[in-house]
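S.K.:
In UniProt numbering, the protein residues as written are 1 to 314.
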């Protein structure tokens, strides 16, 4: 059977508890007007975003055995194949304090489970088997305690050696070491790109030069999310800049994961760079208009896509 579809790998999943707290002030008593809990982690979000656009979608990685139920409910509801390995303990809880008045999100991320050597070795065996079934793999998010900084580098090497295509979205040393193995797609934000190349990038031209440098080192495609300014997509022969339409931001939770999902979904369908830029930006903007990491209905995403401005870069 020929490999098809996408598998996402989330090594440090989270339950995202979003608190709507107008006028939030640190060190003072604050009133929450509403709240919600969403199963999350970057790879989990990507799987959920892609589930209505690409088939099949598999979620792999680690979940704490003691509170896996919200993730299992999400997988059932979205038709996502559950290949996550259960480990002892609870998946971490992340608090996201949303202040719509100020347009700010304050993140308070708790520690997650500790991954032992046996669980890490077992997951790599799981992914070796899954590589015979899925063509694309998305490695995304932070690393849990117990895993080496080289964890993503090991997985990129393993999966590309099995003939799979690999997207990487991480930060810090884990991202730097993973990039050195030549993944097919990376999606840093501006701060993460500056961290990767070791210098500040104040102008769009600087961002373009840095992204092209990474492509020259063997990265297939670089997607740089630049917040409200838009996104830059660079491949070997072309580069485009996508500017989003004006948007009333409800929550930024999952917006970067949505951008990666839209770009990847377009690429899987064989669409050109400009269309991938439109899809990625429309996914991100659509998510910004919702209180959690969810997309609006397909018709609204397609309407947003038509309003994205795309121009040649450089």
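Beta carbons are placed, not taken as given, at the ideal position from N, Cα and C, and that holds for glycine.
State the start and end residues of the unbroken alpha helix (DSSP H) segment that holds residue 173.
M.R.: It spans 172 to 179 - the alpha helix (DSSP H) in which residue 173 sits, taken as one unbroken run.
S.K.: Which complete beta strand (DSSP E) runs does the region 113 to 144 hold, if anything under 3 residues is left out?
M.R.: Counting only runs of 3 or more, we get 136 to 140.
S.K.: Among 170, 72, 252, 241, which has the Cα closest to the Cα of residue 144?
M.R.: Looking at the Cα atoms, 170 is the closest of the given residues.
S.K.: Can you tell me where the beta strand (DSSP E) with residue 34 in it begins and where it stops?
M.R.: Element bounds for residue 34: 34 to 40.
S.K.: Taking the alpha helix (DSSP H) that residue 283 falls in, what are its first and last residues?
M.R.: Run containing residue 283: 273 to 288, per the alpha helix (DSSP H) assignment.
S.K.: Would you check if the distance between the CB atom of residue 231 and the CB atom of residue 289 is smaller than 7 Å?
M.R.: Going by C-beta atoms, residue 231 is not nearer than 7 Å to residue 289.
S.K.: Which residues bound the beta strand (DSSP E) around residue 93?
M.R.: Where residue 93 is concerned, the enclosing beta strand (DSSP E) stretches over 92 to 99.
S.K.: Buried or exposed, going by whether 16 or more other CB atoms sit within 10 Å of the CB of residue 108?
M.R.: Exposed: under 16 other Cβ atoms inside 10 Å.
S.K.: Quick check on residue 224: does DSSP put it in helix, strand or coil?
M.R.: Reduced to three states, the DSSP call for residue 224 is strand.
S.K.: From residue 55 to residue 207, what distance separates their C-alpha atoms?
M.R.: Taking the straight line joining both Cα atoms gives about 33 Å.
S.K.: Can you tell me whether residue 295 is helix, strand or coil according to DSSP?
M.R.: Reduced to three states, the DSSP call for residue 295 is coil.
S.K.: What does residue 199 pair with, by DSSP beta-bridge criteria?
M.R.: DSSP, once it has assigned bridges, lists no residue as partnering residue 199.
S.K.: Buried or exposed: residue 8, going by 16 or more other Cβ atoms within 10 Å of its Cβ?
M.R.: With 16 or more Cβ atoms within 10 Å of its Cβ, residue 8 is classed as buried.
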